[in-house]
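Numbering (our numbering), first residue to last: 311 to 758.
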């Protein structure tokens with residue numbers, strides 16, 4: 311009987327068609343481009359598994375590129391945590407790159423657009439620019455600076471780089487179409503002034519490219535074949551394509567998939583940062599956080615998170631995933647891999663009254679019954695006095711209480727059947743001891 315073939319998601323279909331037609335010479339090169347302004351969370355895990363997994367599946371490679379275009383919010387602490395999380399998940403990047411590696415090239419691209427009459431320096435405030443863009447139903451209007459000469463724009467842009475202006479005093483905008491139904495094409499910002507120390511370039515730059523300008527060009531510089539983003543970047547794609555087309559550079563292609571939305575889970579880095587800064591949690595890796603490092607501290611395994619990402623799949627439409635699926639994945643993985651151990655958190659003493667005083671019997675328990683052979687075994691001491699959970703005893707037990715109570719019998723794990731015949735309370739009425747008798751010929755594993 312032939313095994314059923316796994317169906318392809320829509321991105322796999324695109325990649326396979328590109329490989330069939332020989333596009334990009336049969337190469338598959340993806341990238342994971344986090345901004346180093348926070349720790350990665352479970353939503354990023356989906357993107358990591360998709361980008362790295364896709365490259366592995368088709369014998370390609372994945373670049374790790376840090377989108378470090380905002381010096382105000384970025385830090386090397388975040389860079390190191392991101393690298394640690396990706397490797398912990400079981401992936402390795404082909405190259406570690408930074409958008410800041412391309413600052414000079416991106417500046418040169420911006421100059422090229424100015425020379426082609428496709429970009430201009432605007433002195434308007436952010437509020438004035440927003441007002442001039444119009445609305446989705448009304449076209450935008452040009453600001454007084456849209457028709458500056460190429461020579462003037464080149465001079466002003468060079469002066470911006472030289473640090474002659476304050477933050478917000480000038481911006482560089484693309485000259486596209488103020489009447490476009492796509493608001494992102496109404497002369498979007500390409501560069502802004504930020505006098506701030508950059509974690510890699512120091513004070514070398516005081517102008518920084520906007521994400522929409524840096525994104526596509528960085529992909530092109532690296533010759534990325536499949537640039538995979540989340541759905542909110544669909545309206546940004548025409549600008550991505552416009553920049554590549556006007557600059558006549560390698561035509562990387564952007565594709566979009568639905569981001570992970572999960573019940574009872576905050577996945578906004580801004581809100582997670584607020585939880586850290588306001589001391590609601592101790593750190594980014596607090597076990598209550600949905601960060602990858604938080605999940606790691608909580609006991610999640612790399613395999614469980616990868617399995618979760620595989621189960622939720624890759625879609626074109628937004629949906630909400632129940633957090634119980636993530637919890638199922640860790641239970642499933644631990645059930646297969648975790649060695650069994652027993653612990654009592656709220657103990658009461660169990661006294662086996664007919665067991666010989668001073669005798670200690672070594673019972674055998676498999677380390678993992680889910681694995682053939684059990685991955686070895688361990689010795690469990692059994693004696694007259696043991697400890698059980700307080701919740702496992704009830705003085706007045708209802709009919710369907712299948713634990714210990716007066717007259718009730720249970721099998722102790724890896725041991726014998728015991729029957730409760732008495733119990734002891736302290737002066738406050740709390741049960742302190744449970745007295746049982748055991749059945750000597752009922753040892754676990756024997757024919758009883």
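All C-beta atoms, glycine included, are put in the ideal place defined by N, C-alpha and C.
Excluding the 5 residues preceding and the 5 following residue i in the sequence, name in chain order all residues of the same chain whose CB lies nearer than 6 Å to its CB.
i, result
"residue 312", "Confidence is the limiting factor: at residue 312 the pLDDT is only 46, short of 50, which leaves the residue's position unreliable, though a coordinate-based value still follows. Counting only Cβ-Cβ distances below 6 Å, and skipping sequence neighbours, we find nothing."
"residue 689", "672"
"residue 374", "342, 403 and 406"
"residue 481", "432, 499 and 502"
Check whether the Cβ atoms of residue i and residue j sit closer than 8 Å, and answer yes or no.
i, j, result
"residue 364", "residue 340", "yes"
"residue 541", "residue 352", "no"
"residue 416", "residue 527", "yes"
"residue 744", "residue 730", "yes"
"residue 545", "residue 494", "yes"
"residue 505", "residue 516", "yes"
"residue 725", "residue 694", "no"
"residue 502", "residue 427", "no"
"residue 702", "residue 714", "yes"
"residue 548", "residue 554", "no"
"residue 455", "residue 433", "yes"
Can you give the Cα-Cα distance for residue i and residue j, rounded to whole angstroms?
i, j, result
"residue 738", "residue 706", "17 Å"
"residue 732", "residue 590", "47 Å"
"residue 524", "residue 637", "38 Å"
"residue 678", "residue 400", "24 Å"
"residue 421", "residue 551", "18 Å"
"residue 629", "residue 696", "50 Å"
"residue 499", "residue 627", "29 Å"
"residue 477", "residue 650", "60 Å"
"residue 437", "residue 619", "41 Å"
"residue 616", "residue 356", "8 Å"
"residue 327", "residue 557", "27 Å"
"residue 321", "residue 565", "8 Å"
"residue 396", "residue 614", "14 Å"
"residue 317", "residue 624", "12 Å"
"residue 368", "residue 567", "19 Å"
"residue 466", "residue 366", "46 Å"
"residue 519", "residue 676", "59 Å"
"residue 680", "residue 639", "16 Å"
"residue 325", "residue 711", "57 Å"
"residue 654", "residue 379", "52 Å"
"residue 683", "residue 644", "17 Å"
What does a CB cutoff of less than 8 Å around residue i pick up in its chain, not counting 5 residues either side in sequence?
i, result
"residue 361", "340, 341, 342, 372 and 538"
"residue 507", "381 and 513"
"residue 594", "348, 349, 391, 582, 586, 601, 603 and 604"
"residue 451", "442, 444 and 488"
"residue 323", "none"
"residue 631", "570, 571, 572, 573 and 622"
"residue 747", "662, 663, 664, 728, 729 and 731"
"residue 656", "699, 700 and 701"
"residue 471", "417, 515, 516 and 517"
Within its chain, find whatever has a CB closer than 7 Å to the CB of residue i; leave out the 5 residues flanking it on each side and keep chain order.
i, result
"residue 668", "none"
"residue 389", "346 and 376"
"residue 449", "488 and 489"
"residue 767", "Absent from the model: residue 767. The displayed extent of the chain is 311 to 758, so no value can be given."
"residue 612", "398, 399 and 400"
"residue 394", "none"
"residue 723", "652"
"residue 736", "742"
Need the endpoints of the alpha helix (DSSP H) that residue i sits in, please.
i, result
"residue 682", "That residue, residue 682, is in no alpha helix (DSSP H); it is neither H nor E in DSSP."
"residue 659", "Run containing residue 659: none in the alpha helix (DSSP H); it sits in the beta strand (DSSP E), 657 to 662."
"residue 603", "602 to 608"
"residue 633", "633 to 647"
"residue 556", "547 to 557"
"residue 581", "579 to 587"
"residue 469", "460 to 471"
"residue 331", "320 to 331"
"residue 614", "612 to 622"
"residue 437", "436 to 442"
Just curious, the beta strand (DSSP E) that residue i is in, first and last residue?
i, result
"residue 483", "481 to 484"
"residue 502", "499 to 503"
"residue 429", "429 to 432"
"residue 690", "687 to 692"
"residue 573", "Unbroken run through residue 573: none, as it is neither H nor E."
"residue 721", "719 to 721"
"residue 544", "Careful: residue 544 lies outside any beta strand (DSSP E) and carries neither H nor E."
"residue 735", "727 to 735"
"residue 455", "Residue 455 -> no beta strand (DSSP E), and no H or E assigned at all."
"residue 744", "741 to 748"
In chain order, each alpha helix (DSSP H) run of at least 4 residues that lies wholly inside the segment 509 to 536: 521 to 532
Those runs of the beta strand (DSSP E) which lie wholly inside the segment 335 to 421 and span at least 3 residues: 339 to 342, 371 to 376 and 406 to 408
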